[in-house]
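Accompanying notes for the structure given below.
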Amino acid sequence: METQEAVAGALIGSNEGKPAAKLDSGASENEKPPCQNRMKQIFGFTTEDLRSWQSLVTLLNRPMDPASLGIFRFLFGLLMAIDITQERGLSHLDWKYLDGAPVCRFPLFNFLHPLPLDWMYFAYLVMFVGAVGIMLGCFYRLSCLMFLSTYWYIFFLDKTTWNNHSYLYGLIGFQLTLMDGNRYWSIDGLRKPQIRNAHVPLWNYTVLRSQIFIVYFIAGIKKLDADWVEGYSMSYLAHHWLFDPFKLILPVELVNLVVVHGGGLILDLTAGYLLFFDVTRPYAVVFVSYFHCMNSQLFSIGMFPYTMLATSPLFCYTDWPRRLFTCFPEFLKPVLPLTSLDIKSSASCVYGEEQRGTERQETSPVKKPFKLRHKLGAFFTIVYIMEQLFMPYSHFITQGYNNWTNGLYGYSWDMMVHSRTHQHVKITYKDGKTGEIGYLNPGVFTQSRRWKDHGDMLKQYSTCLSQLLPRYNITDAEIYFDIWVSINDRFQQRIFDPRVDIVKADWSPFRPNPWLMPLLVDLSPWRTKFQEIEGTLDNQTEIVFIADFPGLNLENFVSEDLGNTSIQVLQGQVNVEIVEEKKNYTLKTGEQRQVPAGAYHKVYTVSDGPSCYMYIYVNTTEAALQENFTKLLDIQERVRNGKETEPLPPELQPLLALDEGSEVNATDPVVRLFLKRQRRMNEVKKRREAGVRERFDRFVTKKYYTIRRGFLMTAIAMRNLAVGLPPVEQLTREVAYANMKGPQNDNQDEALKDEVGHSEL
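Sequential numbering of the sequence shown, starting at 289, is according to this note's numbering.
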C-alpha cells in the first residue's frame, strides 16, 4: 500500500497538502493524483471539515508526522535549560533571595513568598531537571510538570522580571505538557517502542502554530499605535551599529522611521501569514531569522530570539527533519533522529478511510468512533486560541494595572512599544505620630527599579516600607511618591499624584487607579518642536522638557556641577521660588530665568491648564574637564610625534607611560582620570575591533563562568539540605571558588558605559 503523508493544514497552520510519496514499486509512473480542492491545496482543509463538530474533531485529530514536534521539543528544552542559568537567575540566586534581609518584593499574589535560599536552589534544580527531561523526552509528562510548576511559581513570585517572552515560555511549556512531544527522538521512545515514531494529532501543531502567529500578529497590531508609526517608541535604536549599512543610503532619521519602526511593524503584521503559505515561507524564514538575530544583539532578552528561531520550522511540512537527516553521512545515522517513513498509528489520532493500513502495517486501522481524548483535544484547541486572542484586549477587566500602557503588562504582546526615561524620583515619608518629614533613597530595600512605573508595585512597595520603617523609629509612616516619567520622547510628567499617601490609598486590579495622573497626550505634538530646539544646541548644552498639572509644584535641586542652569516657559504660567533667597518670580510663555546651582528651588504651575517649561543647563564641571582632556590629549600626541621640544613637568610625565600592563600612577587628579578613561576606552575599542574567534572565545568564557557559578552554588545548597551547614570558613571558601571569574573581567565595560554613552548600544 502507498504510505501517505497526512495533510498538515490547520485552522491556523501551514499548507501541507503536498502529494504523497509513492512507495509502492508497482505503481504506474503515469498515475496522476486526483485534482484536489483548491482550498485544501492552500490551507490543508476544506469547508466540509468545518461544517460540523464531528468533522472539526476529525480534522484536529488527523494523524501527523511527529518529527517536527519532536525536534521543537528538543530545542525548547535545551533553550530553557540555558535560560534557567541566565535570565531566570540561577547564577545569581543568592543575591536575589537573601535570607532574612529586609527586602521588598513584588509577587503577583501577596501571599506568595520565596522559600529559604537553599530550597529556592532546589526549586530551580527541579525546573532545570524538568527542562532537560523535556529536551531528552525522558519521563516526558513528569518532566513537563516539573518544569511548569516551578517555572510559574518563580514567574508569579516576582513581577519586576515579567515580560512577554517569559510569559510565552510558560505558555509553551503548558502546551507541551498536553501534547505528544515524546514520540520522536526521545528516550521515552526507546523505553516504550509502542509510542516511538507514532503519529501525533494535528491539534498539537495547530496550538503551537496559532500561538506563534498570535505573538507576531498581535505585536504588529500593538505597533499600529501612533507613537510607533511616527517613530518615537524606539528612536534610539537607529544609532546602533547594526543599522550602519542602512545609514549608507539613508539619513539616521529615515533609518529610525522606515527601517526600525516601519520594518518592525510590517514584519510583525505579516510574519505569521508569510510563514503560513508554502510560496512565501522560504522568504519569511530568512527575514524572520534576520530579525531575531538582530534582536539578540540589540536587546538583553536572553533566549527569546533563539526560541523564536526554533518555532519557525513548525510552519514547515512536519516531515522536514526526516528529509534533512537523510542528507547526513551513514555513520552518523545511529545518533541522528529517525528518517524512516514507517510511522505507527496512534490512539491519539482519528483515522479516516483514506488513511487505511498499508503493506507496512500488520493490521489496517479503520475509522473508529471518537474517544473522549479526541473531543477534549479539539475543545482545548478552540478554547485556548480564543483565550489567547482575548487576553491582550482584556484590560477592561484588569483596570488597576493601567499605567500609560494597555493593562496588565506581560501578556499583551506590546513588545517595545513604549520606551521610558525617568528624570526625577522622590520618596517622602511622614511620621504618623511626630509629624516628622524625611526622604528615602529611591529604591531602598528593593533590588528592582521597575516599581516606578506600575501602580500595583507602588502599592506593594509603600506597604513594605511602612512595615520596615518602624525599625528606624518611624511609626505609622505615610509614604508619598513624586515620580517623573517621559514616555516615547514626550514631556517629563508625573505618573502618580504626589499628594496621595500610597500606604492608605485604595487600589484594586478591577477598578481604575484613582491616583494615576493622566498622560498629557494633548502635548504630544510638542515632540517635533523638541527636535528643532535640540538641533540648535551645542555639544555642551543639555535640555529637559517638563510638563506639570495646575496646583502642583516641582521641588528641584540643581547640582553644583550645573553652573549655568535656567528655566524657560514654553506654555502656561509658572511661579519660580528660590528657596534660599526667599524670592518668587512669575514667568509666562517665552520668559526665562536662571536658577542658582547648589540650591533648591520650586516651580509652581499657576496657569489654568498644564504648564510646559524646559531646563537648559551646561555641566560646567564636565565642560572644564573635557577642555583639560583635550589639552592633555594634544600634549600626548605632540610628544609621541616628536613635536614637543620642551620637557614635560613632573605632573604630566605619566602621559608618556600609557602601556597596557602599567599602572596609572599620577599625582595630578585630572591626569589620573584622563589616563584611566583613555585606558578603558582603548580596551573597549580593542574589544569592538576583535575578530570573530576572539569574540567567540570571550562569549564562551563569560557563559561558562556564569553557568559554572549557578551549578556550584546549587551543589552547595543541596549539600546544605542533605547534611546541614558546614563551618563558616568552609562555606566562605566554597562560595569564593564559585565566584571565580574568567581571565577577562567583563566589568571593565560596565564602568565605561556612562563615559562612552549609550550603554544599551
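Even glycine gets a Cβ: it sits at the ideal position worked out from N, Cα and C.
- prompt: Could you give the distance in angstroms between the alpha-carbon of W473 and the alpha-carbon of P354?
  reply: For the purposes of this step, residue 473 is taken as the residue at position 185 of the sequence shown. For the purposes of this step, residue 354 is taken as the residue at position 66 of the sequence shown. C-alpha separation (whole angstroms): 9 angstroms.
- request: Report the rounded CA-to-CA distance for Y561 versus F668, giving the unit in angstroms.
  value: Position 273 of the sequence shown, counted from the start, is the residue given in the question as residue 561. Position 380 of the sequence shown, counted from the start, is the residue given in the question as residue 668. Roughly 23 angstroms separates the two Cα atoms.
- request: Could you tell me if Q342 is buried or exposed, where buried requires 16 or more neighbouring beta carbons within 10 angstroms of its beta carbon?
  value: Translated into positions along the sequence shown, residue 342 becomes position 54. Q342 is exposed by the Cβ-count criterion.
query: Can you give the Cα-Cα distance for E647 and R326, rounded to whole angstroms?
result: One-based indexing of the sequence shown puts residue 647 at position 359. One-based indexing of the sequence shown puts residue 326 at position 38. Reliability fails at E647, whose pLDDT of 32 lies under 50, so the model's placement of it is uncertain and the value that follows must be treated cautiously. Roughly 30 angstroms between the two C-alpha positions.
query: Is it buried or exposed for N761, if we count other Cβ within 10 angstroms and need 16 for buried?
result: Within the sequence shown, residue 761 is the residue found at index 473, counting from 1. So N761 ends up on the exposed side.
Straight-line gap, L753 to Y699 (C-alpha atoms, nearest Å): Residue mapping note: residue 753 aligns to position 465 of the sequence shown, counting from 1. Residue mapping note: residue 699 aligns to position 411 of the sequence shown, counting from 1. Using only the alpha carbons, I get a separation of about 29 angstroms.
query: Any heavy atom of the ligand NAP closer than 6 angstroms to the Cβ of I685?
result: The ligand NAP is not part of this structure, which contains no ligands at all.
- prompt: What is the DSSP secondary structure of V906, reduced to helix, strand or coil?
  reply: The residue you call residue 906 lines up with position 618 of the sequence shown. Looking at V906 - three-state DSSP - the assignment turns out to be strand.
query: Does the separation of the CB atoms of F733 and L757 fall below 7 angstroms?
result: As a working mapping, residue 733 is identified with position 445 in the sequence shown. As a working mapping, residue 757 is identified with position 469 in the sequence shown. No, these two residues do not count as a Cβ contact at 7 angstroms.
message: With H, G and I counted as helix, E and B as strand and the rest as coil, what does DSSP make of A572?
response: Position 284 of the sequence shown, counted from the first residue, corresponds to residue 572. The answer is helix: DSSP assigns A572 an H, G or I state.
- request: Could you check if Q482 is buried or exposed, using at least 16 other CB atoms within 10 Å of its CB as the buried criterion?
  value: Walking along the sequence shown from the start, residue 482 turns up at place 194. By the 10 Å Cβ count, Q482 comes out exposed.
task: Flag this pair as yes or no: are the beta carbons of M467 and M704 separated by less than 7 angstroms?
output: Taking the first residue of the sequence shown as 1, we reach residue 467 at position 179. Taking the first residue of the sequence shown as 1, we reach residue 704 at position 416. For the 7 angstroms CB-CB criterion, M467 and M704 do not form a contact.
task: Report the rounded CA-to-CA distance for V540 versus D513, giving the unit in angstroms.
output: Position 252 of the sequence shown, counted from the first residue, corresponds to residue 540. Position 225 of the sequence shown, counted from the first residue, corresponds to residue 513. CA-to-CA, the gap between V540 and D513 works out to about 22 angstroms.
- prompt: Identify the residues that DSSP records as bridge partners of K890: which are they?
  reply: Counted from its first residue, the sequence shown places residue 890 at position 602. BP columns for K890 point to E843, E865.
task: Output yes or no for whether 7 angstroms exceeds the beta carbon distance between P797 and T686.
output: For the purposes of this step, residue 797 is identified with residue 509 of the sequence shown, where counting begins at 1. For the purposes of this step, residue 686 is identified with residue 398 of the sequence shown, where counting begins at 1. In this structure, T686 lies closer than 7 angstroms to P797 by Cβ.
task: In angstroms with no decimal places, state the Cα-to-Cα distance between I330 and F564.
output: As a working note, residue 330 is residue 42 in the sequence shown. As a working note, residue 564 is residue 276 in the sequence shown. Straight-line Cα distance between these residues: approximately 9 angstroms.
query: Alpha carbon to alpha carbon, what distance is there between Y439 and L430?
result: Counting from one through the sequence shown, the residue named residue 430 turns up at place 142. Counting from one through the sequence shown, the residue named residue 439 turns up at place 151. About 14 angstroms.
message: How far does the beta strand (DSSP E) with L875 in it extend, from its first residue to its last?
response: Looking up residue 875 in the sequence shown gives position 587. Looking at the DSSP string, the run of the beta strand (DSSP E) that includes L875 is 871-876.
message: Would you call the segment 397-405 in contact with the segment 621-628, where contact means no fewer than 3 C-beta pairs closer than 8 angstroms?
response: In short, these stretches do not touch, since the Cβ pair count stays below three.
message: Three or more C-beta pairs under 8 angstroms: does that hold for the segment 913-926 against the segment 854-868?
response: Taking 8 angstroms as the limit for Cβ pairs, the verdict is that the segment 854-868 does not touch the segment 913-926.
message: Quick check: the segment 885-899 against the segment 838-849, are at least 3 beta-carbon pairs closer than 8 angstroms?
response: Judged by Cβ distances under 8 angstroms, the segment 838-849 makes contact with the segment 885-899, as three or more pairs qualify.
field: alpha helix (DSSP H) runs wholly inside the segment 528-615, at least 4 long, in chain order
entry: The segment 528-615 contains, as complete alpha helix (DSSP H) runs of 4+ residues, the segments 532-535, 551-564, 569-586, 592-599, 608-613 (chain order).
field: Alpha-carbon spacing of G949 relative to A978, whole angstroms
entry: Stepping through the sequence shown from its first residue, residue 949 is reached at position 661. Stepping through the sequence shown from its first residue, residue 978 is reached at position 690. Caution applies to G949, whose pLDDT of 47 falls short of 50 and renders its modelled position unreliable; the value that the coordinates give is listed next. Each residue's Cα considered, the two are about 19 angstroms apart.
Within 7 angstroms, strictly: CB atoms of V488 and R471: Numbered from 1 along the sequence shown, position 200 holds the residue referred to as residue 488. Numbered from 1 along the sequence shown, position 183 holds the residue referred to as residue 471. Yes; because the gap between Cβ atoms is below 7 angstroms, this pair is in contact.
message: For T520, which residues in the same chain have their Cβ closer than 6 angstroms to its Cβ, ignoring the five residues on either side in sequence?
response: Position 232 of the sequence shown, counting from 1, holds the residue named residue 520. Contrary to the premise, residue 520 reads as Tyr rather than Thr in this sequence. The answer, listed in chain order, is N776, D777.
message: Just to confirm my understanding: we take V867, look at its own chain, exclude 5 residues before and 5 after, and list those with CB closer than 8 angstroms. What are they?
response: Walking along the sequence shown from the start, residue 867 turns up at place 579. A887, Y888, H889, K890.
task: Pull up the distance between the alpha-carbon of W692 and that of S812, whole angstroms please.
output: Translated into positions along the sequence shown, residue 692 becomes position 404. Translated into positions along the sequence shown, residue 812 becomes position 524. Their Cα atoms are separated by approximately 14 angstroms.
- request: Round the Cβ separation of S419 and M368 to the nearest angstrom and send it over; I've been treating them as touching at under 8 angstroms.
  value: For this step, residue 419 is matched to residue 131 along the sequence shown. For this step, residue 368 is matched to residue 80 along the sequence shown. It is worth fixing the name first, because residue 419 is Ala in this sequence and not Ser. A Cβ-Cβ separation of about 4 angstroms places A419 in contact with M368 under the 8 angstroms criterion.
message: What does the alpha-carbon distance come out to for the pair T373 and T955?
response: Taking the sequence shown and counting its residues from 1, one reaches residue 373 at position 85. Taking the sequence shown and counting its residues from 1, one reaches residue 955 at position 667. Distance between the alpha carbons of T373 and T955 is about 44 angstroms.
query: Alpha carbon to alpha carbon, what distance is there between T722 and D741?
result: As a first step, residue 741 must be located in the sequence shown, where it is residue number 453. As a first step, residue 722 must be located in the sequence shown, where it is residue number 434. Spanning the two alpha carbons is a distance of roughly 31 angstroms.
field: Proximity of G720 and D770 at Cβ, strictly below 7 angstroms
entry: Position 432 of the sequence shown, counting from 1, holds the residue named residue 720. Position 482 of the sequence shown, counting from 1, holds the residue named residue 770. Their beta carbons are not under 7 angstroms apart, which means G720 does not touch D770 by this criterion.
query: What does a CB cutoff of less than 7 angstroms around H348 pick up in its chain, not counting 5 residues either side in sequence?
result: Indexing the sequence shown from 1 puts residue 348 at position 60. Checking the sequence, you will find Leu at residue 348 rather than His. Closer than 7 angstroms at Cβ, skipping near neighbours: P489, L490, W491, T494, G665, A666, T669.
query: Roughly how many angstroms lie between the CA atoms of R737 and V713, to the nearest whole one?
result: For the purposes of this step, residue 737 is taken as residue 449 along the sequence shown, with counting starting at 1. For the purposes of this step, residue 713 is taken as residue 425 along the sequence shown, with counting starting at 1. The alpha-carbon atoms of R737 and V713 are separated by roughly 11 angstroms.
I834 classed as buried or exposed, judged by whether at least 16 other C-beta atoms fall within 10 angstroms: On the sequence shown, residue 834 is found 546 positions in, with the first residue counted as 1. The residue is buried, with at least 16 neighbouring Cβ atoms inside 10 Å.
field: Helix, strand or coil at Y243 [DSSP, three-state]
entry: Because the chain here runs from 289 to 1049, residue 243 falls outside it and cannot be looked at.
message: Taking the straight line between their C-alpha atoms, what separation do you get for Y1025 and Y441?
response: Start at 1 with the first residue of the sequence shown, and residue 1025 comes out as number 737. Start at 1 with the first residue of the sequence shown, and residue 441 comes out as number 153. Approximately 30 angstroms, taken between the alpha carbons.
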